[in-house]
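Residue numbers (the working numbering), protein chains in the order written: chain G, 1 to 202; chain B, 203 to 404.
Note that beta-carbon positions come from the ideal geometry of N, C-alpha and C, so glycine has one too.
Comments concern the structure below.
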DNA sequence: CCCAAATGTGAGGAATCCTTCAGGTTTCAG
DNA sequence: CTGAAACCTGAAGGATTCCTCACATTTGGG
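What follows is the structure, given as structure tokens:
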């Protein structure tokens, strides 16, 4: 991996606005044109600055994408942990519902950008931050399963965690991208919660 | 979209072998190096031919990838339809099990290539053939649900189809890539079948 | 064996793209 | 106001990639 740290840190408010504009432009170009056509010149142009300026704050194109991924996954993680925090000692059904709803919210933060990152970025460029979200989710579910172990219909916690995490992730992701019409009501949350609970519990 | 048809059709067995070698090399390079680094020169080199030869049979890089996608999705579709054909009038449970098993088999044909195509190719280059597989799956599930309508726990067939298709697809795909250790026994098929049936049926 | 058609070769042109750098403009502390 | 630091500019160097084309080799029917 090449150098990723910024070459210069913005000190004046003018440059902080510039960095923001560059990151915002990166997201827009990534969504609109895909990673292939997201050239640094095009990003700079959309941000309303010259390429040189871009390279003052990001040593290379990867660093730019990394920064964007970090910003995006931070937003998702913030939403997730907020919901998780408030389900101390909830029933399994209640906890499942809260997590499903939180996943939908997290995916709805910026669906197009999330889609662009997940299924447009080459795998080797999907940096830690993004992958960490899924790892964290898997860990959380594992704790959850251990906690309700005696109510579970299966004793293969490893496989159950795999199934739950991948199912919820896939459904929330697909819904936000392909079926936004499902998001208006609580029905989708109901259905996914039922899917998971019927599978997990005796 | 640019021209995709071959510029010249192979007539002698020598050239048919060449075309095979090129396609095989494309798959290998795509898996090993990713789409970004899969240059036509590198593919030709790996196939043991010169770039010129490659361009005799494929007018451009896209045509090469399209041909590979077609070949791959044909293999998957063949497996799927074979299994579907033999479940005339099966019970819902039996049908679900057969479909889940078929999906796992289809994904196991060439997991690395499938992964490379799905999550490495830019979305705009994931050509018809691949997307058609999912569309076909969705249609099949819809027929299946209509047929067992009176036994279903829900009357929102649209949403149920969405959930079933995306769930099975995500789980089979993830299992083949991330957890090949789940594939030895019938346990994963059991679990996914249970997940789907408990959700769908009263 | 012979030759026209089929097949194969690979250096290099044209087009991009990432990145640099020499020199300009703006800001702000003193 | 002034000068140094911060910030910005954009032409162009160096690298990479797709694809072509003039030419060489191989094949198979007559």
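What is the C-beta distance between residue i and residue j, in whole angstroms, given that I count them as a contact (C-beta under 8 Å)?
{"i": "residue 223/B", "j": "residue 249/B", "result": "4 Å"}
{"i": "residue 126/G", "j": "residue 324/B", "result": "Not quite, the Cβ-Cβ distance comes to about 14 Å (not below 8 Å), so this is no contact."}
{"i": "residue 91/G", "j": "residue 64/G", "result": "Not confirmed; about 45 Å, so no contact."}
{"i": "residue 341/B", "j": "residue 371/B", "result": "Not confirmed; about 14 Å, so no contact."}
{"i": "residue 7/G", "j": "residue 56/G", "result": "6 Å"}
{"i": "residue 153/G", "j": "residue 201/G", "result": "6 Å"}
{"i": "residue 376/B", "j": "residue 166/G", "result": "5 Å"}
{"i": "residue 164/G", "j": "residue 196/G", "result": "6 Å"}
{"i": "residue 400/B", "j": "residue 199/G", "result": "6 Å"}
{"i": "residue 362/B", "j": "residue 347/B", "result": "6 Å"}
{"i": "residue 278/B", "j": "residue 311/B", "result": "6 Å"}
Give the secondary structure of residue i by DSSP, where H, G and I count as helix, E and B as strand, and everything else as coil.
{"i": "residue 403/B", "result": "strand"}
{"i": "residue 289/B", "result": "coil"}
{"i": "residue 131/G", "result": "helix"}
{"i": "residue 145/G", "result": "helix"}
{"i": "residue 183/G", "result": "coil"}
{"i": "residue 373/B", "result": "helix"}
{"i": "residue 68/G", "result": "helix"}
{"i": "residue 354/B", "result": "strand"}
{"i": "residue 58/G", "result": "coil"}
{"i": "residue 211/B", "result": "coil"}
{"i": "residue 307/B", "result": "helix"}
{"i": "residue 40/G", "result": "helix"}
{"i": "residue 111/G", "result": "helix"}
{"i": "residue 19/G", "result": "helix"}
{"i": "residue 321/B", "result": "helix"}
{"i": "residue 230/B", "result": "helix"}
{"i": "residue 254/B", "result": "helix"}
{"i": "residue 338/B", "result": "helix"}
{"i": "residue 1/G", "result": "Caution applies to residue 1/G, whose pLDDT of 48 falls short of 50 and renders its modelled position unreliable; the value that the coordinates give is listed next. Three-state result, residue 1/G: coil."}
When burial is assigned at 16 or more other CB atoms within 10 Å of the CB, is residue i buried or exposed?
{"i": "residue 215/B", "result": "exposed"}
{"i": "residue 252/B", "result": "exposed"}
{"i": "residue 118/G", "result": "exposed"}
{"i": "residue 1/G", "result": "Only weak support exists for where residue 1/G lies, its pLDDT of 48 falling under 50; the value from the coordinates is given anyway. Classification for residue 1/G: exposed."}
{"i": "residue 73/G", "result": "buried"}
{"i": "residue 107/G", "result": "buried"}
{"i": "residue 143/G", "result": "exposed"}
{"i": "residue 191/G", "result": "buried"}
{"i": "residue 290/B", "result": "exposed"}
{"i": "residue 218/B", "result": "exposed"}
{"i": "residue 284/B", "result": "exposed"}
{"i": "residue 287/B", "result": "exposed"}
{"i": "residue 241/B", "result": "exposed"}
{"i": "residue 131/G", "result": "exposed"}
{"i": "residue 349/B", "result": "exposed"}
{"i": "residue 94/G", "result": "exposed"}
{"i": "residue 96/G", "result": "buried"}
{"i": "residue 322/B", "result": "buried"}
{"i": "residue 374/B", "result": "buried"}
{"i": "residue 18/G", "result": "buried"}
{"i": "residue 193/G", "result": "buried"}
Would you list, in chain order, the members of the segment 58-77 of chain G that have their beta-carbon closer than 9 Å to a beta-carbon of chain B?
Of all residues in the segment 58-77 of chain G, none has a Cβ within less than 9 Å of some Cβ in chain B.
Between the segment 24-42 of chain G and chain B, which residues of the former have CB atoms less than 8 Å from a CB of the latter, in chain order?
The residues in question are 34, 35 and 36.
If the cut-off is 7 Å on Cβ atoms, which residues from the segment 113-140 of chain G count as contacting chain B, listed in chain order?
Answer in chain order: 119, 120, 122, 123 and 124.
Please list the residues of the segment 174-190 of chain G that have a C-beta atom closer than 9 Å to any C-beta atom in chain B, keeping them in chain order.
Answer in chain order: 174, 175, 178, 179, 182, 187 and 188.
Using a Cβ-Cβ cut-off of less than 7 Å, list which residues of the segment 365-376 of chain B approach chain G; keep chain order.
Taking 7 Å as the Cβ-Cβ cut-off against chain G, the residues of the segment 365-376 of chain B that qualify are 365, 368, 369, 372, 373 and 376.
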